[in-house]
Each structure stands twice: as structure tokens, then as C-alpha cells.
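Below you'll find the structure, written out as C-alpha cells, and then a few comments.
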Amino acid sequence: MAGMKAEFTFSPRILEHLGISAYNSVRKCLAELVANSYDADAHRVDISIPDVVDENSSITLSDDGTGMSPEDIKTKFLYIGRDRREDGDRTCFNRLVIGSKGIGKLAGFGISSRIRITTRHDGKLCTFTIDRRDLDSIQELTEHKFDVAISETELKNGTTLELLQLHEGLHLPSAEVVRRHLYHAMPSRPDFAIFVNDGECSAEEVPGELSKFAKDIPAVGQVTGFYVIAKARQSSPGLAVRVRGRIVQEPSLFGLDTRSHGFFTSEKIAGEINAEFLDPESPDGNRHDLIKTSRDGFLEDSEIVQKFNIWAAEFIKQIIVGVDVDETRKRTDNLLQTPVIKSKLDSLPPHIRGTASKVVRACFINRYGLKPGTSG
């Protein structure tokens, strides 16, 4: 019987299927590119965003990381799907590597059609351009050859990405919105700073009552974090999930039925859960990848993720109940101090005054569907 050898071939469309389309907003795209700078041990990242989108507009990201040598470009950058963690879970500066999928380097195609890369490493400067239209016109990715210009340089190591030919109709958020998003999304370290249009990314304070927590989820792992009961409703209420210092899941109430559990309180919850077990260090190189390719959540079929989600929903429910009980107690105390109620209670015989106060308090608590003594 005759036989043959066969092999996979890959259409450039595989890039779309792998998740580049998930980076279709400026904030998502920049967060992914900044993550690459972080993993390259950059101390500083500078981002320039234009005021308007036209044929000459571009978005530029420059860092002072390790940069890439000509060999790095061939064997690492142009290796689609390469897992950076094959070189270890930590960088030279002992940072936990936050990239892993191997396609984030092309996130710029989510908002632009052309990417120009200029990188410097140990005295070598390399420049090359990736044009999405060139990739779309070929049958296989391996058919396309890149012209990489190489020259000597005295500049320090680092990389600059220019996102050219921005997509028509692209929504450009303000620099301040991008700053807040990147500060929130990226790991916070004293040796890592991000600047957008010359302004440093910084935290957005949420006025309210702050509480920190550390909990053990049985058969899953430990979580830490904080939550704030804000003074005003939040546009995106709930708890975000941070892993390896990076936000993976945006604020969520984890499916909690707020109609049954304190709708108004739930709208004021803001905070984060750190859950390292969802992407743990693995010195042996063996790991279970629970993060979606688009890095906007976790694999819902995972038993670990399911147990975590159940715990998080119950935890938020406890927060809401605890806040509502405290609020009800305060309202009840204020009610008992109103002149009308206070005078009526004071007019009662001393031996039944205490019982009457308890009855009034119980009626008020039951009015809001809470049980006396309930706590979060």
C-alpha cells in the first residue's frame, strides 16, 4: 500500500481565530502591548495617543526593556504562539511573567492595519514592518518573509511599536481614561511606570469604606483582596480578578441575583480578588491554563473556576447582607431617636420600655427582609 507524508498548513486567518479580534479597543490593545514591555523588564513605558483618527494618525508605544536581537526576532517574536514561560516563570528582575499565549505581540492589529517595530539590543538596532494586508494576501504564514533592517547603535536597549493606519471609526478614549485603565490592569510595582501623553498612570480613588480580606477556598486555594463600599453607584460594580498582578476579569457580581440581594448595595461595590491559583507558578513547566486566549476571563468548564465563582458569588452576597444590616441598624437607631418615637418610649413604664424598643427595632429590620443579628 502506498503512503505519504502530510503536514499542517496555517492560513493567516488563524491569527483572527486565535484572538486578535479580541483586542478591538484601544484600552485592550495597549494593555496587551504594555504587558509585553513589563515581561521585557521595562522600567518605563511611554504611550502617545492622537486626538483624532485620520490617514496620518498613529499610536506609539516605547519602552526601555531588554529589546530584541536579530536572533530574538527570528526565533521568538515571529514564533506565533510561543509561550514566554518556556524560558521560566520569572524575568531577570524577578517579575512573574504575565504573558503566555504568544499572540499578544500582534494585538496592535486589533485597532490598526500596520505595525512598525524598532528594537535595540546590545548595540544592534533592528527595524521591520508587519502589514496585515500582506498577510491576508498569502496562503500560508510561513510564505511571508520580512525585511529586517539591522544597524549599529549607541542607544540603550528598548523597543518602540508604531500602530499605523488606524482602523476607520476607531473610538479614541481620552488619555486620562487610558491612564486609569492601564494602572488598574497592570501589576503595580515601584520599578514600573506607564505614561500616556506625558501623564503618569495613577490610581483612581473610590471614596467609601475600605475592607481587606484573606480567605481560604476549600480544595481550591487562598484569595486575598479588598472591597470598597462606595458612596455612589459604580459604572461597573463588583470585584475584579487579578492574577500575577494583572487584571484578567473585569469587575463582576458573579451572577448574583441583585433583585433578591441588595440591588442598591451591590451597585456600590468596588474591589479586587487576587487568585494566584488560577495561574500558579510551575517550576516543572507543567501547568493548567485556565485563562481564556483573549485574557478577558477564565475557562468556565474548569472545576477550579466553577468553585471559585461559587465562592465569589457567596462572598459578595455576604458583603451585601452585612452592609444592609449595618445600614438598617443605623436607620433604626436614628428612628428610635426621633422626637415622636423617643417621647412615646420614654412615656412607657421602665419595665416595658426595653421590650418596646426591641419590638420597634425588629419591625423595622423585618421591613427590609433582614434577620436580627445577621452579619456579613
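Take the sequence shown: its letter number 5 is residue 8 in my numbering, and every next letter is one higher. Glycine included, every Cβ here is placed at the ideal spot set by N, Cα and C. Fair warning: this is a prediction, and the values are worked out from it, not measured in the lab.
1) Can you give me the C-alpha to C-alpha distance between residue 51 and residue 255, rounded to a whole angstrom?
2) To the nearest angstrom, how far is it from the Cα of residue 341 to the Cα of residue 189?
3) Unbroken beta strand (DSSP E) runs of length 3 or more, entirely within the stretch 18 to 60: which are they?
4) Along the chain, where does the beta strand (DSSP E) containing residue 250 start, and where does it finish?
5) Excluding sequence positions up to five away, which residues of its chain have a Cβ less than 6 Å from the Cβ of residue 376?
6) Going by other Cβ atoms of all chains shown within 10 Å of its Cβ, with 16 needed for buried, is residue 358 buried or exposed?
7) What does the Cβ neighbour count give for residue 82, buried or exposed, with the cut at 16 atoms within 10 Å?
8) For residue 157, count neighbouring Cβ atoms within 10 angstroms of its own Cβ and tell me buried if that reaches 16, exposed if not.
9) What residue range is occupied by the uninterrupted beta strand (DSSP E) comprising residue 278?
10) Are the Cβ atoms of residue 160 and residue 68 separated by less than 8 Å?
11) Roughly how many whole angstroms lie between the Cα atoms of residue 149 and residue 258?
12) How big is the Cα-Cα spacing for residue 126 and residue 319?
13) Could you check whether residue 117 and residue 168 sit closer than 8 Å to each other, using their CB atoms as the reference points?
14) Ignore the nearest five residues each way along the sequence and tell me which others in residue 60's own chain have a CB closer than 8 Å to its CB.
15) Under 8 Å, do residue 236 and residue 204 count as touching if we go by C-beta distance?
16) Taking DSSP's pairing of strands, which residues face residue 153 in a bridge?
17) Can you check which of these residues, 171, 84 and 180, is closest to residue 34 by C-alpha distance?
18) Quick check: residue 176 and residue 30, are their CB atoms within less than 8 Å of each other?
This is what the structure holds:
1) Within the sequence shown, residue 51 is the residue found at index 48, counting from 1. Within the sequence shown, residue 255 is the residue found at index 252, counting from 1. C-alpha separation (whole angstroms): 30 Å.
2) Stepping through the sequence shown from its first residue, residue 341 is reached at position 338. Stepping through the sequence shown from its first residue, residue 189 is reached at position 186. In a straight line, the C-alpha of residue 341 is about 50 Å away from that of residue 189.
3) As far as the stretch 18 to 60 is concerned, its whole beta strand (DSSP E) runs of at least 3 residues are 47 to 51.
4) The sequence position of residue 250 within the sequence shown is 247, counting from 1. From DSSP, the beta strand (DSSP E) with residue 250 extends over 249 to 255.
5) By 1-based counting over the sequence shown, the position of residue 376 is 373. Reliability fails at residue 376, whose pLDDT of 42 lies under 50, so the model's placement of it is uncertain and the value that follows must be treated cautiously. Taken in chain order, the list of residues that qualify is empty.
6) By one-based count along the sequence shown, residue 358 stands at place 355. Classification of residue 358: exposed, given that the 10 Å Cβ count is below 16.
7) Within the sequence shown, numbered from 1, the residue matching residue 82 stands at position 79. So residue 82 counts as exposed.
8) The residue you call residue 157 lines up with position 154 of the sequence shown. Counting Cβ neighbours within 10 Å, residue 157 comes out exposed, since fewer than 16 surround it.
9) In the sequence shown, counting from the first residue as 1, residue 278 sits at position 275. For residue 278, no beta strand (DSSP E) encloses it, and the DSSP letter there is neither H nor E.
10) As a working note, residue 160 is residue 157 in the sequence shown. As a working note, residue 68 is residue 65 in the sequence shown. Residue 160 places its beta carbon less than 8 Å from that of residue 68.
11) Locating residue 149 in the sequence shown gives position 146, counting from the first residue. Locating residue 258 in the sequence shown gives position 255, counting from the first residue. Roughly 47 Å between the two C-alpha positions.
12) Locating residue 126 in the sequence shown gives position 123, where the first residue counts as 1. Locating residue 319 in the sequence shown gives position 316, where the first residue counts as 1. Taking the straight line joining both Cα atoms gives about 53 Å.
13) Residue mapping note: residue 168 aligns to position 165 of the sequence shown, counting from 1. Residue mapping note: residue 117 aligns to position 114 of the sequence shown, counting from 1. Between residue 168 and residue 117, the gap from beta carbon to beta carbon is short of 8 Å.
14) Within the sequence shown, residue 60 is the residue found at index 57, counting from 1. The residues are 53 and 169.
15) Counting from 1 along the sequence shown, the entry for residue 236 is found at position 233. Counting from 1 along the sequence shown, the entry for residue 204 is found at position 201. Their beta carbons are not under 8 Å apart, which means residue 236 does not touch residue 204 by this criterion.
16) Taking the sequence shown and counting its residues from 1, the one referred to as residue 153 is at position 150. According to DSSP, which records beta bridges pairwise, residue 153 is partnered with 129.
17) Residue mapping note: residue 34 aligns to position 31 of the sequence shown, counting from 1. The shortest C-alpha separation from residue 34 is found at 180.
18) Position 173 of the sequence shown holds residue 176. Position 27 of the sequence shown holds residue 30. Yes, the pair counts as a contact, with Cβ atoms nearer than the cut-off.
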